[in-house]
Amino acid sequence: MESLPRTSLLSYFLLFLPPFFWSTNFIVGKVLAPKVPPWTLNTGRFVVSALILVPLLLYRREWPTLS
86 MESLPRTSLL
96 SYFLLFLPPF
106 FWSTNFIVGK
116 VLAPKVPPWT
126 LNTGRFVVSA
136 LILVPLLLYR
146 REWPTLS
């Protein structure tokens, strides 16, 4: 059996991430909703996403122009 090329494995991994984060967000929201106010939950979600995205932004400094 042949192994998948590296780019194919990366593609599958990247396709797996959004549903994983969405489902994790749903589960955490259900567990914490009775205990934590909604503003705190939303702030926590924003902070976690910023912690993930800011390093990516800093890693790739030159972004293509959209216009």
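Offset between the sequence shown (1-based) and our numbering: plus 85. From the three backbone atoms N, C-alpha and C, an ideal C-beta is built for every residue, glycine too. Because the structure is a prediction, the values reported are computed rather than measured.
Query: Taking Cβ positions, are Leu117 and Leu126 nearer each other than 9 Å?; Result: yes
Query: Is Val121 helix, strand or coil when you go by DSSP?; Result: coil
Query: Rounding to the nearest angstrom, what Cα-Cα distance links Val139 and Pro90 in this structure?; Result: 29 Å
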